[in-house]
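Scroll down for the structure; my scribbles are underneath it.
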Amino acid sequence: MSGAYLRPRCATTALLHRLAPRTLRGRLSLVALISAALLMLVLTVAFNAAAQHRLQHQADDELRTRAAAVATTVDTSGTTVRVLETSHDELLDANVWIYADRRLLEEPPNAGTVTRVADALAGRGGQRCVSADVHGPFRLCSQPMPGDRSDATVVTALDLSPYRSSADTLLLGSFVLDAVLLACTYALTRLAVGRALRPVRTMTDQATQWSAVASEERFGQRRHPAELARLGTSLDAILDRIRTILRHERQLTGELSHELRTPLSRIIAELDWWQTRPRTADQTQAAHKVIADAAESMRTICDTLLDDARGGTVTAPGSVEVLSTLRRLTQSLDVPGHLTVTVDGPPLVAGVPPALLERIVSPLLANACRYAHSTVAVRACSDPAGLGVEVIDNGPGVPPSFAGQLFEPGRRAEPCDGHGGAGLGLPLARRLARSAGGEVTYDPGHTPGARFVVGLPAG
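Here it is as structure tokens:
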């Protein structure tokens, strides 16, 4: 039973949802139309009720005035009530009844059923008015006459058809006026709402365009009303977040490309070397081992960078023996033949995962091998706040004018120096170190060459 009752309700609700306007402009116009219709309905009912009451009051005043005029033609000073005949009293006697001791003395011709209503009204005594529908609407009022004979009464009647016609005309005019006002209200509301929402559409189109081209334009730079200013502030915040997301995506893409270049080069080199001429089984196995290590390194790089981009597990608890990890890292690098890379220091344990330590030190070591003249030194050392890893080379060093921009993404001191790179390695190393509670710094006082220090928490 309840399911059968709910189905029509659900169907009605779905129908109302389909019929409801789709746009905010249409909905606001509909709300304004309904509100205006309710208000005009209340005002129309109240106005017509007041008008009908006023017309009835005018009719009663006219009846009493006629009764007072008729009373001047009735003599109540004697023992009997006498009706004085006057010339040209046909209009005065129309719809007039005169009673004495509840006895009808005079009535209008062809009164018919109205006389019975007048008899009942005179019998009740006093000054009263009633409405009756006898072959048409009538209003009757009884008026006691002054004098010694207090039981003499004049009853006057008035045809209300003209009053009813005026009331009906007034009601029809009210409905026509209401319809015109509602049409004007709906049209003006749509026009006003459309003009009010035009800046919103413009701002929406601008926000879509600016987000697509990563523009620096913002709505806060323009003057808007208070409501649109708040909307502009929200859109500015959304545009800033979109820009940040796009920048992070570009940064992640660049970092992945930067970090994956070395292991991918090793895989390509091993395959080229292996395909140049037939190899023994041991040589083939060794090539497979190098390719597998490079592939594993690529997977580790992807996991580390993606976890860092997601704010995930790169800073998860872990520890690593620093010296052995540094030696393994230097062995996996493609070091030019003219360089000597040394790794030394005491056996220390860092409180970071092994993959994270490799990703922090790898860009520093790659830069050192790229710019060093003959030697690169990697040293592990203890530090009051934990431990440190120094990467030192005897290359040309960092120009002093560029030291302040060293860790900015995409910046290089000499873009045309003939060395590869996109300026992403150092910013990546610092960001990963900070995510683990450490830091990467550059020592501007070291000469010759460059000295970078990685500070990490102890394990």
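For what it's worth, our numbering labels the leading residue of the sequence shown as -3, then goes sequentially.
Think of the CB as a built atom: it goes at the ideal place given N, C-alpha and C, for glycine as much as any other residue.
- A straight line joining the alpha-carbon of residue 47 with that of residue 61 spans about 21 Å.
- Rounded to the nearest whole angstrom, the CA to CA distance from residue 404 to residue 363 is 15 Å.
- C-alpha of residue 27 to C-alpha of residue 173: approximately 20 Å in a straight line.
- Annotated three-state conformation of residue 103 is coil, per DSSP.
- Spatial neighbours of residue 196 in its own chain (CB-CB distance under 8 Å, excluding positions within 5 residues in sequence) are listed in chain order as 224 and 227.
- The residue among 385, 214 and 285 with its C-alpha nearest the C-alpha of residue 322 is 385.
- At the C-beta level, residue 288 and residue 356 stay beyond 8 Å of one another.
- The alpha carbon of residue 431 has as its nearest neighbour, out of 353, 106 and 154, the alpha carbon of 353.
- By the criterion of at least three beta-carbon pairs nearer than 8 Å, the region 153 to 172 is not in contact with the region 186 to 194.
- In the three-state DSSP reduction, residue 109 falls in the helix class (H, G or I).
- Beta-bridge analysis with DSSP links residue 448 to 387 and 438.
- Note that the C-beta distance between residue 454 and residue 347 is below 8 Å.
- Under the Cβ criterion (8 Å, minimum of three pairs), the region 146 to 158 counts as touching the region 117 to 132.
- Pairing residue 126 with residue 56, the inter-Cα distance amounts to about 10 Å.
- CA-to-CA, the gap between residue 59 and residue 187 works out to about 53 Å.
- Shown here, residue 375 sits in a strand according to DSSP, grouped into three states.
- According to the DSSP assignment, residue 43 belongs to the alpha helix (DSSP H) that extends over 20 to 67.
- With respect to the 8 Å criterion, residue 445 and residue 400 are not classified as neighbours on the basis of their beta carbons.
- In the same chain as residue 382, and ignoring 5 residues on each side of it, the C-beta atoms closer than 6 Å to its own belong to 452, 453 and 454, in chain order.
- When the five nearest sequence neighbours on each side are left out, the beta carbons in the same chain lying within less than 6 Å of the beta carbon of residue 371 are those of 336 and 390, in order along the chain.
- Comparing alpha-carbon positions, the option among 215, 450 and 291 lying closest to residue 379 turns out to be 450.
- From the listed residues 107, 105, 108 and 136, the smallest Cα separation to residue 117 is found for 136.
- In the DSSP assignment, residue 350 falls within the alpha helix (DSSP H) that extends over 350 to 367.
- Annotation for residue 394: no beta strand (DSSP E) segment contains it, and DSSP assigns it neither H nor E.
- In the DSSP assignment, the residues bridged to residue 71 are 78.
- Taking C-beta separations shorter than 6 Å and ignoring five residues to either side along the sequence, the partners of residue 436 in its chain run 425, 426, 429 and 450, following chain order.
- Counting C-beta atoms within 10 angstroms of its own C-beta, residue 93 has 16 or more neighbours from the protein chains shown and is therefore classed as buried.
- When secondary structure is reduced to three states using DSSP, residue 274 falls in the coil class, being assigned neither helix nor strand.
- Between residue 68 and residue 101, the alpha-carbon positions lie close to 15 Å from each other.
- Contact check for residue 182 against residue 25 passes: the beta carbons are separated by less than 8 Å.
- Excluding residues up to 5 positions away in sequence, 29, 32, 33 and 36 lie with their Cβ nearer than 8 Å to the Cβ of residue 178 in the same chain.
- In the DSSP assignment, residue 152 falls within the unbroken beta strand (DSSP E) covering 148 to 155.
- For the pair residue 148 and residue 95, the CB atoms are nearer than the 8 Å cut-off.
- Taking a 10 Å sphere around the C-beta of residue 388, we find 16 or more other C-beta atoms and assign the residue as buried.
- Taken through DSSP and simplified to helix, strand or coil, residue 205 comes out as helix.
- Collapsing the DSSP output to three states places residue 443 in coil.
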